[in-house]
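See structure below.
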Amino acid sequence: MRGLSTPEGRVALDYVRGRGLQSATIQAFGIGCAPASGQALLHAARAEGIEFPVLEAAGLARQNEQGRSYDFFRGRLTIPIRDREGRPVGFGARRLSDGDESGPKYVNTAETRLFHKGRLVYALDKALAQVRRTGHIVLMEGYTDVMAAHQVGLTQCVAVLGTATTDDHAALIRRSGARRITLLFDGDEAGRKAAWKALTGLLHLEVAIDVVSLGGGEDPCDVLVREGAAPLVAQFELARDWFDFVCEGLAALRGVELSRAVDQVLELVARLPRPVLRESLVQDLSRRIGISVGALREQWRATHSKSPRPARREPAPAPTASVVQDAGLPPLVRESFGRLIGALVLDPSLVPLARPTRERCADAELAVIFDALLALYADENSVIDENALLGLLGEHPAHHRVVPLVEDARNAESPRELVEGELRFLDTLERRRQAEQLLADARRFDAELALRASSGGAALLHERPDELFQHEAALDAQSRGLAAS
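The sequence shown begins at 20 in this note's numbering and counts up one residue at a time.
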């Protein structure tokens with residue numbers, strides 16, 4: 020509770036106690052206060068011998084145009100955010116006065132080498148033991164919701180940091196051992212939208228997912244503080260399957276509203292990895308709204324054949340004689356490019372990292388898919404997913420390879436880990452190829468010089484020593500690089 024005992028910290032302490040959080044909870048979660056002066060952390064760090072560049076790299080301090088340093092968090096309640104191992108990597112900070120509109124209610128540490136909110140699940144370090152015992156994890160919306168849940172013994176509760184769930188979030192949840200995920204959000208429209216955003220990133224995990232929505236617009240923290248764990252435990256037993264949740268109210272809609280709502284449901288269904296399950300849910304949706312399965316499929320095809328096309332270049336050209344064919348391409352290399360492309364579809368933010376490898380993709384169909392993906396990425400208005408990619412490829416023969424590539428990539432811990440691993444593999448192969456080429460060149464020089472020496476005398480061996488030495492030096496450098504990798 021460091022900083023909460025000061026006069027300024029009393030405001031922060033009054034807020035968390037007003038939410039019903041007890042002293043033991045406040046201490047366990049490390050809640051503190053960042054004074055409004057903007058110099059408290061700088062002064063404390065200086066006393067410990069910590070210089071400004073270290074604080075800046077950690078996202079805790081900044082410098083204005085006049086060169087004056089200041090604390091990033093000012094006049095806010097601070098909540099440490101820890102990684103899966105319990106190490107603090109950043110902070111969430113709440114504005115102390117709801118009447119103060121000078122900044123957002125909540126801010127997080129800026130993205131740093133250690134802090135990426137798309138790769139962190141709040142309180143996962145504290146929840147892991149219970150999740151592993153029960154196989155059940157509960158995803159909530161806010162910091163105080165999670166703290167209140169842990170306070171009453173529901174220690175399987177965690178939260179994402181004000182963002183939609185990502186593949187990295189999903190990978191963390193998969194590694195936790197969870198076999199059931201319950202989404203518990205506020206009972207208002209914002210909570211419903213948050214549940215939809217969470218489903219988008221979790222459905223490919225192939226675990227049971229259900230949803231609990233609180234009525235009356237209450238948030239979980241208030242319910243937990245007022246009534247304890249029992250009401251929510253009872254809600255967990257009555258939780259709705261995620262598909263029931265997203266289909267709620269559809270039968271009462273008509274016309275354009277129904278069409279749009281069906282599109283949203285089908286977008287979620289398409290994220291499921293198993294075709295049989297997708298087909299089963301489409302038939303279920305057909306029965307619920309009284310629309311034929313054929314009409315649902317037709318609408319899906321019509322919607323996703325209209326994916327925006329980039330105007331700057333023609334995407335996904337059909338392979339021609341100029342495209343390098345793959346007759347001699349090693350299977351491991353082909354599979355590596357396939358996994359790389361599948362991961363890029365799951366996380367398009369990684370495209371710039373992998374784009375330079377496109378010129379080395381010698382599989383004709385994979386090259387076409389890669390080009391289509393780059394074309395979608397080049398268009399700022401394009402949505403990038405497997406359906407947009409399929410729509411762009413149209414009837415091209417490469418079309419049939421897209422879904423298997425994406426489904427294979429979903430088995431990885433995360434798209435980023437998969438991309439980085441395949442890039443390392445492909446770079447190692449490229450360095451080896453270059454080293455072999457250099458070795459062949461050096462041997463050719465040796466053979467040519469030996470031939471000339473035999474006909475013109477030993478002095479001819481020294482006619483081109485620089486070229487030979489350059490090749491030998493380059494070959495030595497390549498060898499060292501391969502050994503290091």
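Heads up, the beta-carbon is just placed ideally off N, CA and C, and yes, glycines get one too.
Pull the bridge partners of residue i from the DSSP assignment, please.
| i | result |
| --- | --- |
| Arg101 | Pro107 |
| Tyr89 | Arg81 |
| Cys52 | Leu96 |
| Met159 | Ala178 |
| Ile360 | Beta-bridge pairing links Ile360 to no other residue. |
| Ser232 | Phe204 |
| Arg114 | Arg95 |
| Val140 | Val179 |
| Ala227 | Arg199 |
Count the other C-beta atoms from every protein chain shown that fall within 10 angstroms of the C-beta of residue i, then say buried if there are 16 or more, exposed otherwise.
| i | result |
| --- | --- |
| Ala253 | exposed |
| Leu202 | buried |
| Val402 | exposed |
| Glu160 | buried |
| Ala80 | buried |
| Arg358 | buried |
| Glu467 | exposed |
| Pro350 | exposed |
| Leu257 | exposed |
| Ser433 | buried |
| Thr184 | buried |
| Asp303 | exposed |
| Ala142 | buried |
| Thr97 | buried |
| Gln46 | exposed |
| Pro26 | exposed |
| His418 | buried |
| Asn127 | buried |
| Asp465 | exposed |
| Arg463 | exposed |
| Ser42 | exposed |
| Asp404 | buried |
Would you call the CB atoms of residue i and residue j closer than 8 Å?
| i | j | result |
| --- | --- | --- |
| Gly37 | Cys52 | no |
| Ala437 | Ala362 | It should be pointed out that residue 437 corresponds to Leu in this sequence rather than to Ala. It is a contact, given that the beta carbons lie within the stated cut-off. |
| Gln175 | Val157 | yes |
| Gly78 | Ala129 | yes |
| Arg420 | Asp366 | no |
| Asp33 | Arg101 | no |
| Leu393 | Arg379 | no |
| Asn406 | Ala289 | yes |
| Thr376 | Leu445 | yes |
| Asp238 | Arg259 | no |
| Leu74 | Ala64 | yes |
| Leu296 | Thr219 | no |
| Ser299 | Leu315 | no |
| Leu269 | Leu277 | yes |
| Leu243 | Ala167 | yes |
| Leu408 | Val364 | yes |
| Asp205 | Leu233 | yes |
| Leu19 | Arg193 | The displayed coordinates of the chain run from 20 to 504. Any statement about residue 19 would go beyond what the structure contains. |
| Ala391 | Leu369 | no |
| Gly137 | Asp187 | yes |
Excluding the 5 residues flanking residue i on each side, which residues of the same chain have their C-beta closer than 6 Å to its C-beta?
| i | result |
| --- | --- |
| Val163 | In the sequence on display, residue 163 carries Thr and not Val. Only Arg38, Cys240 meet the Cβ criterion. |
| Leu173 | Ala248 |
| Arg353 | Asp382 |
Only counting the same chain, and skipping five residues up and downstream in sequence, which positions put a Cβ closer than 7 Å to that of residue i?
| i | result |
| --- | --- |
| Phe255 | Thr201, Val231 |
| Gly154 | Gly196, Ala197, Arg198, Arg199 |
| Phe92 | Ala53, Phe110, Ala112 |
| Ala31 | Leu23, Cys52, Leu96, Leu115 |
| His307 | Checking the sequence, you will find Arg at residue 307 rather than His. Only Cys266, Leu269, Ala270 meet the Cβ criterion. |
For residue i, I'd like the list of residues in its chain whose CB is within less than 8 Å of its CB, leaving aside the five on either flank, ordered along the chain.
| i | result |
| --- | --- |
| Leu147 | Arg103, Ser195 |
| Ala178 | Val140, Tyr141, Ala142, Leu158, Met159, Glu160, Gly161, Tyr162, Asp164, Val165 |
| Leu442 | Leu359, Leu372, Ala373, Thr376 |
| Val312 | Val301, Gln302, Ser305 |
Under 7 Å from any heavy atom of the ligand SAH, does the C-beta of residue i make it?
| i | result |
| --- | --- |
| Val422 | The ligand content of the structure shown is nil, which means the ligand SAH is not present either. |
Any beta strand (DSSP E) of 3 or more consecutive residues that is wholly inside the segment 260 to 320 | none
Tell me the start and end of each unbroken alpha helix (DSSP H) in the segment 368 to 403 that is at least 4 residues and wholly inside, in chain order.
-> 370 to 373, 383 to 397
Quick one: complete alpha helix (DSSP H) runs, 4+ long, within the segment 170 to 204?
-> 186 to 194
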